[in-house]
Amino acid sequence: MSHLMGWLCHYTPVEILTALGYTPYRLLGREGNNPRATTYLLGNLCPYVQSCLEAAIRQELPPLDGVVIARSCNAMIHLANVWPHYGAGGKTIVLDVPRRLNEDAIFYFSQNLRQLAVEAALAGQQRLDEKRLWAAITWWEEQRTTWRRLLTRRAAGEEPPAGKEIIEGLSRWQTSPNLREADKLEEVITRPAHLLRGKAPSQPRLLLVGSILPWELITMVEECGGLSVFEDSCNGRRLLLNPTTTAVGEGDPYLYLARLYLESPPCPRMVSDREKRRRYWAAIVDQFPIQGIIYHVMKFCDAALYDFLDLKVFCEKRELPLLRLDGDFSGGNRGQWQTRLEAFLEMLEVR
Amino acid sequence: MDIYQLLHSHLGNALRRRAFKSPWTYRILRQAVAAQKKHYPWQAAHRLLLNTIDQTAAAFLQKGPVVWHNVFFPVEILYGLGAIPFAPEAAAVVATGLGIGGEALRRAESDWVSSEACSFHRLAHGCDREGYFPPPGAVVCSSHLCDTAPQSLATVAAYHEVPFYLLDVPHRQDAAALNYVARQLKSITFSLVASLSLEWEGERFQEAIVHSNAARERLLAVNRLRQQHPACIRGEEAHSFIYPMLAGFGAATSVEVYGQLAAELGRRYREQRRAVPEEKARLLWLHLRPYYPNTIFHLLEQEAGAVVVFEEMSHVYWQPLDPERPFYSLARKVLSHHGLGPMSRRIAAILSMVDAYKAGGVIHFAHWGCRQSTAGLRLLQDALREREIPFLNLEGDCVDQSKYAPGATRTRLEGFLETLL
Numbered sequence: 004m005s006h007l008m009g010w011l012c013h014y015t016p017v018e019i020l021t022a023l024g025y026t027p028y029r030l031l032g033r034e035g036n037n038p039r040a041t042t043y044l045l046g047n048l049c050p051y052v053q054s055c056l057e058a059a060i061r062q063e064l065p066p067l068d069g070v071v072i073a074r075s076c077n078a079m080i081h082l083a084n085v086w087p088h089y090g091a092g093g094k095t096i097v098l099d100v101p102r103r104l105n106e107d108a109i110f111y112f113s114q115n116l117r118q119l120a121v122e123a124a125l126a127g128q129q130r131l132d133e134k135r136l137w138a139a140i141t142w143w144e145e146q147r148t149t150w151r152r153l154l155t156r157r158a159a160g161e162e163p164p165a166g167k168e169i170i171e172g173l174s175r176w177q178t179s180p181n182l183r184e185a186d187k188l189e190e191v192i193t194r195p196a197h198l199l200r201g202k203a204p205s206q207p208r209l210l211l212v213g214s215i216l217p218w219e220l221i222t223m224v225e226e227c228g229g230l231s232v233f234e235d236s237c238n239g240r241r242l243l244l245n246p247t248t249t250a251v252g253e254g255d256p257y258l259y260l261a262r263l264y265l266e267s268p269p270c271p272r273m274v275s276d277r278e279k280r281r282r283y284w285a286a287i288v289d290q291f292p293i294q295g296i297i298y299h300v301m302k303f304c305d306a307a308l309y310d311f312l313d314l315k316v317f318c319e320k321r322e323l324p325l326l327r328l329d330g331d332f333s334g335g336n337r338g339q340w341q342t343r344l345e346a347f348l349e350m351l352e353v354r
Numbered sequence: 017m018d019i020y021q022l023l024h025s026h027l028g029n030a031l032r033r034r035a036f037k038s039p040w041t042y043r044i045l046r047q048a049v050a051a052q053k054k055h056y057p058w059q060a061a062h063r064l065l066l067n068t069i070d071q072t073a074a075a076f077l078q079k080g081p082v083v084w085h086n087v088f089f090p091v092e093i094l095y096g097l098g099a100i101p102f103a104p105e106a107a108a109v110v111a112t113g114l115g116i117g118g119e120a121l122r123r124a125e126s127d128w129v130s131s132e133a134c135s136f137h138r139l140a141h142g143c144d145r146e147g148y149f150p151p152p153g154a155v156v157c158s159s160h161l162c163d164t165a166p167q168s169l170a171t172v173a174a175y176h177e178v179p180f181y182l183l184d185v186p187h188r189q190d191a192a193a194l195n196y197v198a199r200q201l202k203s204i205t206f207s208l209v210a211s212l213s214l215e216w217e218g219e220r221f222q223e224a225i226v227h228s229n230a231a232r233e234r235l236l237a238v239n240r241l242r243q244q245h246p247a248c249i250r251g252e253e254a255h256s257f258i259y260p261m262l263a264g265f266g267a268a269t270s271v272e273v274y275g276q277l278a279a280e281l282g283r284r285y286r287e288q289r290r291a292v293p294e295e296k297a298r299l300l301w302l303h304l305r306p307y308y309p310n311t312i313f314h315l316l317e318q319e320a321g322a323v324v325v326f327e328e329m330s331h332v333y334w335q336p337l338d339p340e341r342p343f344y345s346l347a348r349k350v351l352s353h354h355g356l357g358p359m360s361r362r363i364a365a366i367l368s369m370v371d372a373y374k375a376g377g378v379i380h381f382a383h384w385g386c387r388q389s390t391a392g393l394r395l396l397q398d399a400l401r402e403r404e405i406p407f408l409n410l411e412g413d414c415v416d417q418s419k420y421a422p423g424a425t426r427t428r429l430e431g432f433l434e435t436l437l
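Same order as they appear, the protein sequences are chains A and B.
Residue numbering for the first sequence follows this note's numbering, starting at 4 and increasing by one per position.
Residue numbering for the second sequence follows this note's numbering, starting at 17 and increasing by one per position.
Listed below in structure tokens is the structure:
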């Protein structure tokens, strides 16, 4: 039976968990309100975090050996506080993730990752062998490459797979208890590729941005006639990282991983990296001919609240239409979203 | 008289943005405040106000490079560089006292700053955009305790097109974390020297460290006196002295203020001048308080005799700094904050305060938007319940007066007092 290790933030290097013999299992929350979680974490905290805690309290998660919580934002910090008391059983391992990108931060993060490998080791397990870690790094990189290739097909607009299929596929990829079985994995990744739409329709091409994008929103965007061609979120493209220039298999694997994760497209939490984020948006808009942007602001996500302001300035400079939709990750707001989406898409079609 | 009421009485009616940039404003204000010295129940408060006026004048009149910082950044660095520190969160409190909070919050809203964000930062945004704050030459911010401050201050830096330096503070307190923070502090210091064309003076830098230690010693003396029974200073009065804690360490003026406060407190204890005629209960106050006119402290202290004997924000959590190793010891100070890391650290610190100040009850003011302070309260509540210490989580907003409901607040306070008295 595989050992499942839960994780939440996309700055969690799953390679280490794989190398230790775990199957990394992403906690993606649940649909509905979180009445039990709000008794332990106050109401005005990130709904995604609340939702993950609620799922644990209601015992809706598969049996986990533990969970790795990256202290990437205040909500995660508080989740790390309450999880050992009220969450699912097993280990609670916390990981510090720097909020800046430079050689010092990369080195510091590499030290934390080394510590993570020690803390997450199974009972009686020897120190993690670097060869095993490199093998896990290679394995994950191969999969990400396949995903990236698939997602890049939306750039040219010839055969774009639907955003809904992509997000569904990515969700399965992050939560499959049998991820290490190669044939199952192949099926998960290639399924969206078989569901191509054919010739690109003349629907408005959209960039969807948010800390974590609700599946319902992407579905609704496409049902309303939009075409989601890029999902800038931690359950979308950011999850796939960017390949580093460092060769796999050379040097310190922890340093490699630290660089891989910190140098990848930044989450809004990387506040000193805003210029990089603006360049990232500019590249997406150019490469994936974007006609409009939808920002899903997760309630009480401080990083997203301010990231939106930055994107607004960016859109004004590029004269790109921008729609802000607020959500609480519960699957609600559908009526309001739909009305606003329809108006937004209508406006794009007129342009 | 409350500092903010006084400022309002001097500035409120004739408040104009341009008045902030006129040396006459500060001259007149200073003279007016100086003339009222004898009306101040605490001379330390009078001195603090004069110092604040001087520092505000220096910032608005651009007598040197103004560096914006958040309240958790170690400002010893800024004093050591001869820069003028400006804390927008603290200035938001003054703006509230001056009655311009509503206008500033409306401006922030019109700029799409979400009402879910901390109102200190929304208010600071509005004040900045409306021209009430001095423009920064650079912005520094630490990442610990608050997620909003780095985001908000990075936005300020981008708006004013000035450099932004983030101090990334990890949650571990081990040697690797210490080195990581110390290296950043050194790098930020010399980046400021370069970007603001400052002259590096090692002696001045050391002096700031020495001042910080001296202020710490005097604050410890104040805190020791406040542990005595009965209390000789009301919590409402003591709250006025939080400002140097948030923005004054490293300045000679903070040494004076805390020194004077310690002397006055000592005298009052000797003379047995009580804070309230009959002390019926002793309370510990967590987080900040509302800065607009309200009746919370009046009800607690003057009506019910429940004195707030200590506030979490005045807790000295760090060891003395080493002038020979300034960056390393400042890093240690930053990492020592009891709010950093697992919640168990904050709980342990609060329980130690309960014991030291013999508090019979604890009130936490849950400022809307401050997820750092409020989200982990359940664990604190459990810990206090285990010790049978009554706890009240009083929800509200420190600077947004529209969120204040006097009736509901009174009901909750009275209910809490019933469990205490």
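Ideal placement from N, C-alpha and C gives every residue a C-beta, glycine not left out.
Fair warning: this is a prediction, and the values are worked out from it, not measured in the lab.
* **Residue nearest to residue 289 of chain A in terms of C-alpha spacing, selected from A:247, A:210, A:327, A:218** => Taking the first residue of the first sequence as 1, we reach residue 289 of chain A at position 286. The residue with the shortest Cα to Cα distance from residue 289 of chain A is A:210.
* Distance CB(residue 325 of chain B)-CB(residue 243 of chain B) smaller than 9 Å -> For the purposes of this step, residue 325 of chain B is taken as the residue at position 309 of the second sequence. For the purposes of this step, residue 243 of chain B is taken as the residue at position 227 of the second sequence. Taking 9 Å as the Cβ cut-off, residue 325 of chain B and residue 243 of chain B qualify as a contacting pair.
* Quick one: Cα of residue 42 of chain A to Cα of residue 408 of chain B, how far? -> In the first sequence, residue 42 of chain A corresponds to position 39, counting from 1. In the second sequence, residue 408 of chain B corresponds to position 392, counting from 1. Those two C-alpha atoms are separated by around 15 Å.
* Mind checking residue 213 of chain B: buried by the 16 CB within 10 Å criterion, or exposed? -> Taking the first residue of the second sequence as position 1, residue 213 of chain B is located at position 197. In summary, residue 213 of chain B is exposed, with fewer than 16 beta-carbon neighbours lying within 10 Å of its beta-carbon over all protein chains present.
* Which residues, taken in chain order from the stretch 370-387 of chain B, show a beta carbon closer than 8 Å to some beta carbon of chain A? -> For the stretch 370-387 of chain B, the set of positions with a beta-carbon nearer than 8 Å to some beta-carbon of chain A reads 382, 384, 385, 387 in chain order.
* Closer than 9 Å to chain A by CB, residue 171 of chain B -> The sequence position of residue 171 of chain B within the second sequence is 155, counting from 1. Yes, contact with chain A.
* To do: Please list the segments of the alpha helix (DSSP H) lying wholly inside the stretch 91-132 of chain A, counting only runs of 4 or more residues, in order along the chain.
  => Counting whole runs of 4 or more residues, the stretch 91-132 of chain A contains the alpha helix (DSSP H) stretches 106-123.
* Reduced DSSP secondary structure (H/G/I, E/B, other) of residue 424 of chain B -> Residue 424 of chain B sits at position 408 when you count from the first residue of the second sequence. Assigned with DSSP and collapsed to three states, residue 424 of chain B falls in helix.
* To do: Starting from residue 100 of chain B, follow the beta strand (DSSP E) in both directions and report where the run begins and ends.
  => The count along the second sequence starts at 1 and reaches residue 100 of chain B at position 84. Residue 100 of chain B -> beta strand (DSSP E) spans 100-102.
* Using 9 Å as the limit for Cβ to Cβ distance, is residue 102 of chain A near chain B? -> Walking along the first sequence from the start, residue 102 of chain A turns up at place 99. Yes, its Cβ sits closer than 9 Å to a Cβ of chain B.
* To do: Classify residue 287 of chain A as helix, strand or coil using the three-state DSSP reduction.
  => Indexing the first sequence from 1 puts residue 287 of chain A at position 284. Helix at residue 287 of chain A.
* Asked: Under the criterion of a Cβ to heavy atom distance below 8 Å, does residue 164 of chain A qualify as lining the ligand NAP?
  -> The ligand NAP is absent from the structure shown, which contains no ligands of any kind.
* Asked: Looking at C-alpha atoms only, which residue of A:10, A:18, A:348 is the closest neighbour of residue 136 of chain A?
  -> In the first sequence, counting from the first residue as 1, residue 136 of chain A sits at position 133. Per the Cα distances, A:18.
* To do: Please confirm if residue 274 of chain A has its CB atom under 9 Å from at least one CB of chain B.
  => The sequence position of residue 274 of chain A within the first sequence is 271, counting from 1. At least one chain B Cβ lies under 9 Å of residue 274 of chain A.
* Using the Cα positions of residue 153 of chain A and residue 234 of chain A, report the straight-line distance between them to the nearest angstrom. => By 1-based counting over the first sequence, the position of residue 153 of chain A is 150. By 1-based counting over the first sequence, the position of residue 234 of chain A is 231. Rounded to the nearest angstrom, the two C-alpha atoms are 13 Å apart.
* Asked: List, in order along the chain, the chain B residues whose C-beta lies closer than 7 Å to that of residue 48 of chain A?
  -> Here residue 48 of chain A is taken as the residue at index 45 of the first sequence, counted from 1. Simply 387, 391.
* Rounded to the nearest angstrom, how far is the Cβ of residue 74 of chain A from that of residue 99 of chain A, given a contact under 8 Å? -> Position 71 of the first sequence, counted from the first residue, corresponds to residue 74 of chain A. Position 96 of the first sequence, counted from the first residue, corresponds to residue 99 of chain A. Correct: roughly 5 Å between the Cβ atoms.
* To do: Identify every run of the alpha helix (DSSP H) within the stretch 364-412 of chain B, keeping only runs that are complete inside it and at least 4 residues long; order them along the chain.
  => List check, alpha helix (DSSP H) in window: 387-390, 393-402.
* Does DSSP classify residue 42 of chain B as helix, strand or coil? -> Sequence index remark: in the second sequence, residue 42 of chain B carries index 26 (1-based). Under the three-state reduction of DSSP output, residue 42 of chain B falls in the helix class.
* Asked: How about the stretch 216-234 of chain B and the stretch 119-134 of chain B: do they share at least three Cβ pairs that are nearer than 8 Å?
  -> Under the three-pair Cβ rule at 8 Å, the stretch 216-234 of chain B does not count as touching the stretch 119-134 of chain B.
* **Short CB-CB distance (under 9 Å) between residue 359 of chain B and chain A** => The residue given as residue 359 of chain B occupies position 343 in the second sequence. Closer than 9 Å to some Cβ of chain A, the Cβ of residue 359 of chain B qualifies, so yes.
* Asked: Taking 9 Å as the CB-CB limit, is residue 353 of chain A close to chain B?
  -> As a working mapping, residue 353 of chain A is identified with position 350 in the first sequence. No, no contact with chain B.
* Identify, in the order they occur along the chain, each residue of the same chain with its Cβ nearer than 6 Å to the Cβ of residue 270 of chain B, setting aside the five sequence neighbours on each side. => Taking the first residue of the second sequence as position 1, residue 270 of chain B is located at position 254. Residues of the same chain with a CB within less than 6 Å of the CB of residue 270 of chain B, apart from the 5 flanking positions on each side, are 231, 260, 264 in chain order.
* **Residue environment, residue 230 of chain A, which counts as buried when at least 16 other CB atoms sit within 10 Å** => Taking the first residue of the first sequence as 1, we reach residue 230 of chain A at position 227. Buried, since its Cβ has 16 or more Cβ neighbours within 10 Å.
* Asked: Can you tell me whether DSSP reads residue 26 of chain A as helix, strand or coil?
  -> Along the first sequence, one-based indexing puts residue 26 of chain A at 23. In the structure shown, residue 26 of chain A adopts extended strand secondary structure according to DSSP, grouped into three states.
* Close Cβ partners of residue 150 of chain A (< 7 Å) along its chain, the five nearest in sequence each way excluded -> Within the first sequence, residue 150 of chain A is the residue found at index 147, counting from 1. Correct list, in chain order: 192, 243.
* To do: Using three-state DSSP, classify residue 17 of chain B as helix, strand or coil.
  => In the second sequence, residue 17 of chain B corresponds to position 1, counting from 1. Reliability fails at residue 17 of chain B, whose pLDDT of 47 lies under 50, so the model's placement of it is uncertain and no value is given.
* May I ask you to report which of helix, strand or coil DSSP gives residue 324 of chain A? => In the first sequence, the residue the question calls residue 324 of chain A occupies position 321. DSSP places residue 324 of chain A in coil when its eight states are reduced to three.
* Asked: Run through DSSP, which three-state label would residue 135 of chain B get?
  -> Position 119 of the second sequence, counted from the start, is the residue given in the question as residue 135 of chain B. Reduced to three states, the DSSP call for residue 135 of chain B is helix.
* Do the stretch 391-407 of chain B and the stretch 174-184 of chain B make contact, defined as three or more Cβ pairs closer than 8 Å? -> At 8 Å Cβ cutoff, the stretches do not touch.
* Asked: Does DSSP classify residue 347 of chain A as helix, strand or coil?
  -> Stepping through the first sequence from its first residue, residue 347 of chain A is reached at position 344. Looking at residue 347 of chain A - three-state DSSP - the assignment turns out to be helix.
* Asked: Going along the chain, which residues of the stretch 294-307 of chain A sit with their C-beta nearer than 8 Å to a C-beta in chain B?
  -> The residues in question are 300, 302, 303, 305, 306.
* For residue 6 of chain A, which beta-bridge partners are listed by DSSP? -> In the first sequence, counting from the first residue as 1, residue 6 of chain A sits at position 3. Answer by DSSP bridge pairing, in chain order: A:25.
* With 16 other Cβ atoms within 10 Å as the buried cut-off, status of residue 380 of chain B -> As a working mapping, residue 380 of chain B is identified with position 364 in the second sequence. Buried: at least 16 other Cβ atoms inside 10 Å.
* For chain B, find out if any of its Cβ atoms is closer than 9 Å to the Cβ of residue 84 of chain A; answer yes or no. => Here residue 84 of chain A refers to the residue found at position 81 of the first sequence. Yes, residue 84 of chain A lies at the interface with chain B (some Cβ there is under 9 Å from its Cβ).
* Enumerate in chain order the residues of its own chain whose CB-to-CB distance from residue 237 of chain B is below 6 Å, with the five nearest sequence positions on each side excluded. => Position 221 of the second sequence, counting from 1, holds the residue named residue 237 of chain B. Exclusion of the five residues before and after residue 237 of chain B leaves 278 as the residues of its chain whose Cβ lies within less than 6 Å of its Cβ.
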